[in-house]
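Trainee: Got a structure for you, written out below as structure tokens; questions coming shortly.
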Amino acid sequence: MNKDQIKDYTARVAQANRTELVVIIYELILDSIQEGEMCYNNGDVEAGAEHIGKAQAYLQELKGSLDRQYELSGQLLRLYRYVNEQLIATKLRQKPVHLDAASNVIRGLMSSFAEVAKQDTSGSVMQNTQQVYAGLTYGKGTLDEVLMSQDEGSRGFKA
2 MNKDQIKDYT ARVAQANRTE LVVIIYELIL DSIQEGEMCY NNGDVEAGAE HIGKAQAYLQ
62 ELKGSLDRQY ELSGQLLRLY RYVNEQLIAT KLRQKPVHLD AASNVIRGLM SSFAEVAKQD
122 TSGSVMQNTQ QVYAGLTYGK GTLDEVLMSQ DEGSRGFKA
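For what it's worth, the working numbering labels the leading residue of the sequence shown as 2, then goes sequentially.
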């Protein structure tokens with residue numbers, strides 16, 4: 002992931018509600034799987050395993066955040082386990098193993114959660130962050146982000 006992608010994800014996470022965060026994590030999983038597959042196909046086994054490991058970490062975050070009192074969480078857990086099995090097989094065999102199937106599962110879940118996110122009117126999970134405004138500025142048609150804050154001194158983690 003390059004610096005621009007990291008910056009984009011950081012801004013999105015800072016403004017996202019709970020459902021949007023799930024969609025972002027799905028995107029991160031897909032990006033990691035894609036980068037890992039490219040590395041394996043180019044013969045860079047070590048980098049491929051690193052990217053697949055990141056996808057597993059994101060998947061673990063989703064598994065850990067499931068609310069087990071709902072029936073849907075059991076179904077999601079089974080899908081997450083299937084994807085994780087494909088990631089493990091890829092790392093063990095040191096070549097892509099059914100990563101297309103795993104990606105398809107994640108894409109399907111991502112599109113479903115993206116629809117739910119459109120209806121989710123809850124506020125941002127992260128409180129006390131800078132508001133990000135994006136728009137055209139006077140610089141030769143470039144899109145710049147401007148951070149606005151009422152009181153810089155009150156930002157940060159509050160215990």
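Every residue, glycine too, gets a C-beta built ideally from N, C-alpha and C.
Thinking C-alpha only, which one of K64, A50, Y59, V84 is nearest L93?
Mentor: A50
Trainee: Can M111 and V46 be called in contact, C-beta distance under 9 Å?
Mentor: no
Trainee: Take the Cβ of Y27 as the centre, count every other Cβ of all protein chains shown within 10 Å, and call the residue buried at 16 or more, exposed below.
Mentor: When all chains shown are included, Y27 counts as buried.
Trainee: For the structure I just gave you, are there three or more beta carbon pairs, one from the segment 55-73 and one from the segment 31-42, closer than 8 Å?
Mentor: By the criterion of at least three beta-carbon pairs nearer than 8 Å, the segment 55-73 is in contact with the segment 31-42.
Trainee: Using CA atoms only, rank isn't needed, just tell me which of A48, T91, V106, L29 is closest to Q76.
Mentor: Here the closest residue by C-alpha is V106.
Trainee: What is the DSSP secondary structure of G71, counted as helix, strand or coil?
Mentor: According to the sequence displayed, residue 71 carries Tyr and not Gly. Look at Y71 here: in three-state DSSP terms it is coil, with no helix or strand label.
Trainee: Could you give the first and the last residue of the continuous alpha helix (DSSP H) run that contains S113?
Mentor: 100-120
Trainee: Can you tell which of L29, Q16, A17 has the C-alpha that lies nearest to the C-alpha of Q6?
Mentor: L29
Trainee: Three-state secondary structure (DSSP) at N43?
Mentor: coil
Trainee: Below 8 Å on the Cβ atoms is my contact criterion, and I expect L31 with S104 to pass it. Report the Cβ-Cβ distance as a whole number of Å.
Mentor: 6 Å
Trainee: Taking the alpha carbon of L100 as the point to measure from, which residue in G109, R108, L88 has its own alpha carbon closest?
Mentor: L88
Trainee: Could you have a look at K96 and say whether DSSP puts it in helix, strand or coil?
Mentor: coil
Trainee: Let me check understanding here. Comparing Cα to Cα, which of L22, K8, L73 lies closest to S123?
Mentor: L22
Trainee: Is the CB-CB distance between T20 and V117 below 9 Å?
Mentor: yes
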